[in-house]
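Reading through the structure tokens given below for one structure.
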Amino acid sequence: MKRYFIHTFGCQMNVNDSLRMGEALASIQYAPTPTPDDADLIILNTCSIREKAEDKMLSALGRYRTVKVSRGALLGVGGCVAQQEKDKLLAKVPYVDFVFGPDNIAKLPEIIGRVTGERERVVETAWVDTEEYVFPRADPETSRGKVSEFVTVMKGCDNVCSFCVVPHTRGREVSRPFPDVLQEVAGLARVGVREVTLIGQNVNSYRGGISFAQLLLRCAQVPGILRVRFTTSHPHDLSDELIDAFRVEPKITPHFHLPVQSGSDRILKPMRRDYTVEQYLERLEKLRAARPGIAVTTDIIVGFPGETEEDFALTLSLTERVRYENQFSFIYSPRPKTGAALKEKDWGAVPHEVKIERLERLQKLQRTISGKLMSEAKGQEVEVLVEGRSKTDPLKRFGRTPENRTVNFDGDAPAGALALVKVERTTPNALYGAQVRMLELPEVGALALET
Ligand code: SAH
Ligand code: SF4
Ligand code: F3S
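The opening residue of the sequence shown carries number 545 in the working numbering; numbering runs sequentially from there.
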């Protein structure tokens with residue numbers, strides 16, 4: 545059997561796509577290897593969301609070049625950079641054998657056949673952005689032994705946020721028909737998966753035959769599924785129906801990732817985000833009324849073209865006002881062909897040092913807020929879905945609360961079980977404690993996936 549190694553960059557969509565690549569490769573007798581050094585095939589699944597992500601791909605390519613030379617391994621590039629650069633990538637990097645876009649994962653066996661058989665360099669980046677697109681069906685066996693898994697519900701993005709490259713790399717939105725999603729969730733539950741995260745760039749504009757809220761409710765009813773999560777949502781289509789789903793279905797976890805990007809209306813407008821800060825806060829207020837205690841996380845871009853100190857101060861005050869559980873904040877990075885990159889000069893590029901300084905201030909504030917929120921959990925008993933051993937301390941167990949807080953604890957609950965844990969110590973990133981007892985699972989016995 546030949547061996548493959550996939551290096552994945554970027555978001556959950558890519559992580560999931562890499563798993564599907566592995567399944568396609570298994571069909572032509574390739575097995576995974578944990579190191580690139582003994583691989584016969586190396587694939588980089590790339591991200592182009594920020595310039596840094598692309599730089600990382602280029603330096604990885606350089607490293608794998610030596611494996612290619614010493615072993616004659618094949619080298620392929622997939623993902624978002626591949627989709628954007630297409631044949632230009634073959635010209636730029638002469639030792640790359642093939643380039644394929646996110647819509648062409650199922651074609652991998654054929655592509656590899658052409659590369660090895662006909663010794664040609666292959667580019668496959670055609671989009672299939674109609675309802676005809678067939679979402680690669682995950683093989684549940686790949687998920688045996690896992691507690692939590694991603695399930696793709698849609699691809700692409702129809703929004704036009706002016707900073708964002710995704711519509712250029714992933715095409716138009718296509719939703720996966722709901723029976724297909726439910727079948728995949730049921731298959732995962734049968735091999736022991738207890739938590740599913742429905743993923744897509746813009747899940748709450750899902751149109752796969754039922755509404756997104758209904759899809760969540762249906763997933764929650766699949767026997768064996770204890771928790772349903774999703775990511776990512778755009779504030780402008782956060783519907784009342786979705787908020788209601790939080791009110792009625794406890795298995796939909798009390799965590800909402802709702803990217804705001806900026807706390808200033810003056811910046812949201814050229815970002816083309818389609819909402820004001822006030823509208824965003826109104827949505828959040830409704831959500832918090834429907835599910836008190838819900839953890840809210842967000843994404844922020846600092847240093848968008850034209851952002852003044854005043855605009856940035858509004859982002860700081862929004863951060864304080866919402867009391868985000870956590871924030872993923874980035875400095876603005878101009879991306880090829882995006883509206884903001886084309887206008888950056890007119891709107892006024894923010895100097896790099898200013899961007900860095902603002903990012904540091906924001907992250908410092910967020911760390912303080914996260915630290916305070918977490919410390920409020922001290923002394924409480926929290927419900928943990930156990931995922932296995934702690935990565936930092938193999939003597940401890942590891943899992944997550946419904947809010948998606950990481951918990952490391954002393955105890956013996958096996959992976960897949962629900963445990964009640966008393967929190968003894970907290971940091972801004974994690975809770976630490978001891979198991980009080982195991983909780984009974986509603987429909988299934990605890991599955992000892994790993995002890
Ligand atoms: N579909 C998701 C976003 C996916 S990209 C959504 O709309 O919420 C993840 C995050 O990367 C974005 O929320 C944004 O904060 C950040 N991002 C996107 N483009 C960027 C750019 N050009 N520069 C810096 N950060 C960017
Ligand atoms: Fe990008 Fe906006 Fe689409 Fe998110 S919603 S993927 S930020 S264009
Ligand atoms: Fe990156 Fe593409 Fe995801 S640009 S963030 S891998 S959709």
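Ideal Cβ positions, reconstructed from N, Cα and C, are used throughout, including at glycine.
With contacts defined by Cβ atoms closer than 9 Å, valine 821 and arginine 832 do not form a contacting pair.
Every residue whose Cβ sits closer than 6 Å to any heavy atom of ligand 2 is listed here in chain order: Cys701, Asn703, Cys705, Cys708, Val710, Pro711, Gln745, Asn746, His778.
Here the distance from the Cβ of methionine 601 to the nearest heavy atom of ligand 3 is not below 8 Å. Between aspartate 702 and arginine 688, the C-beta gap is not smaller than 9 Å, which leaves the two residues out of contact.
About 11 Å separates the beta carbons of phenylalanine 953 and arginine 944, which is beyond the 8 Å limit, so they are not a contact pair. At a cut-off of 8 Å, the beta-carbon of glutamine 907 does not count as near ligand 1: no heavy atom of the ligand is closer than that. Counting every other CB atom within 10 Å of its CB across the protein chains shown gives glutamate 864 a total below 16, marking it as exposed. Per DSSP, reduced to three states, the secondary structure at threonine 842 is strand. Taken in chain order, the complete beta strand (DSSP E) segments of 3 or more residues contained in the stretch 634-661 are 642-644. Restricted to the stretch 699-787, the beta strand (DSSP E) segments that are unbroken, complete and at least 3 residues in length are 739-743, 771-775, listed in chain order. Of the heavy atoms belonging to ligand 1, none sits nearer than 8 Å to the Cβ of phenylalanine 774. In the displayed model, aspartate 954 falls within a strand according to three-state DSSP. Following the DSSP letters along the chain, one finds leucine 964 inside the beta strand (DSSP E) bounded by residues 962-970.
Contact check for serine 873 and leucine 909: beta-carbon distance about 10 Å, past the 8 Å limit, so the pair fails to qualify. Pairing threonine 741 with proline 646 gives a Cβ-Cβ distance that is not under 9 Å. In this structure leucine 585 does not touch alanine 635 by the C-beta definition: roughly 22 Å separates them, more than the 8 Å allowed.
At a Cβ-Cβ threshold of 9 Å, glycine 623 and valine 697 do not count as neighbours.
Taking a cut-off of 8 Å on C-beta distances, the stretch 840-854 touches the stretch 875-888, as three or more cross pairs fall below it.
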